[in-house]
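Okay, structure first, notes after.
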């Protein structure tokens, strides 16, 4: 995945995709919004043609709001670079089609329709879409042993392109295979690419190895504010019993090194987790704890 400095003078034009529509951003960052992809592509063609007529070195940057899936590089949190291309419009359209296929596959995947999502992920992955390669790898490594080798290949391709989630999933594959060297290597790659859980696990492994403690089969599963809030909300809505929530909280406390990304967040979450383990957690108390997390 190409990382791009948005402020670079070498890229006078950019096409940015936001949830509310498509936008053309020029050298001076004056923006025009577009309701449809077709309008944005036509504007990109016009701008690229003008730049070429002036002998300018115009490039097109396509970005998408996938920050919740993975974030790295200098872009603001809501952006994730998908690709960089010269103003060759057929190539731009091909990459945009890959993004469209990925979006449709991801929607089906979230709805539990993995079989329908699989061919769409594969088409987008073959077009070089790294998120599609990563998600395809995950699906193939879970649908059955005979597909695992292909799934690992797609995960590797995405990881080599800079996808941190793919590198982390490869680490988990090696962990299940009891392959220590490869496990450590992929944890290190995922951490270097900025994967939150990999950073926490890598630090805990280093601490345990230095102390001579067991470390390889380290139970993972980072617990953050959102995880705790979701658990409490399920108790409040009656979707989970207080006993189940207490068991979950006790498990999180047992691996307290994985609670929060830093000591400050850990100190904020642990008291709430301890309260969740106390008997008699009511819907009212769950609501109060949710508000406590938000303060």
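Residue numbers (our numbering): 9 to 303.
Note that beta-carbon positions come from the ideal geometry of N, C-alpha and C, so glycine has one too.
In this structure residue 117 is buried. Its beta-carbon is surrounded by 16 or more other beta-carbon atoms within 10 angstroms. Comparing C-alpha distances from residue 279 to each of 261, 193, 292 shows the shortest one belongs to 261. In this structure, residue 207 sits away from residue 294, with a CB-CB distance that is not shorter than 7 Å. By the neighbour-count criterion, in which a residue is buried when 16 or more other Cβ atoms sit within 10 angstroms of its Cβ, residue 182 is buried.
Closest option to residue 138, judged by alpha-carbon separation, among 220, 301, 103: 103.
Taking 7 Å as the cut-off, the beta carbon of residue 130 is found closer than this to the beta carbon of residue 144. Within 10 angstroms of the beta-carbon of residue 256 lie 16 or more other beta-carbons, which makes it buried. A residue is called buried once 16 or more other Cβ atoms fall within 10 Å of its Cβ, and residue 141 is buried on that count. Separation of the CB atoms of residue 175 and residue 198 is rounded to 4 Å, and the pair is thereby assigned contact status at 8 Å.
Secondary structure note for residue 271: its alpha helix (DSSP H) is the uninterrupted segment 271-285. Residue 231 is bridged by DSSP to 267. If you draw a straight line from the Cα of residue 218 to the Cα of residue 212, it comes to about 10 Å. Each residue's CA atom was taken as its position, placing residue 233 and residue 290 some 20 Å apart. Here residue 253 really is in contact with residue 243; their C-beta atoms are around 5 Å apart, less than 8 Å.
Counting of Cβ neighbours within 10 angstroms places residue 249 among the exposed residues, the total staying below 16.
Residue 251 holds the alpha-carbon nearest to the alpha-carbon of residue 288 among 251, 196, 231, 300. By the neighbour-count definition (other C-beta atoms within 10 Å, threshold 16), residue 238 is an exposed residue. The beta carbons of residue 148 and residue 122 sit no closer together than 7 Å. Taking all protein chains shown into account, residue 284 has 16 or more neighbouring C-beta atoms within 10 Å of its C-beta and is therefore buried. When the five nearest sequence neighbours on each side are left out, no beta carbon in the same chain lies closer than 6 Å to the beta carbon of residue 273. Going by beta carbons, residue 166 and residue 203 fall outside the 7 Å limit.
Cα atoms of residue 160 and residue 178: separation of roughly 7 Å, rounded to the nearest angstrom. Per the coordinates, the alpha-carbon of residue 301 lies some 13 Å from the alpha-carbon of residue 282. Pairing residue 135 with residue 114 gives a Cβ-Cβ distance that is not under 7 Å. Contact between residue 109 and residue 128 holds, since their C-beta atoms are separated by about 5 Å, short of 8 Å.
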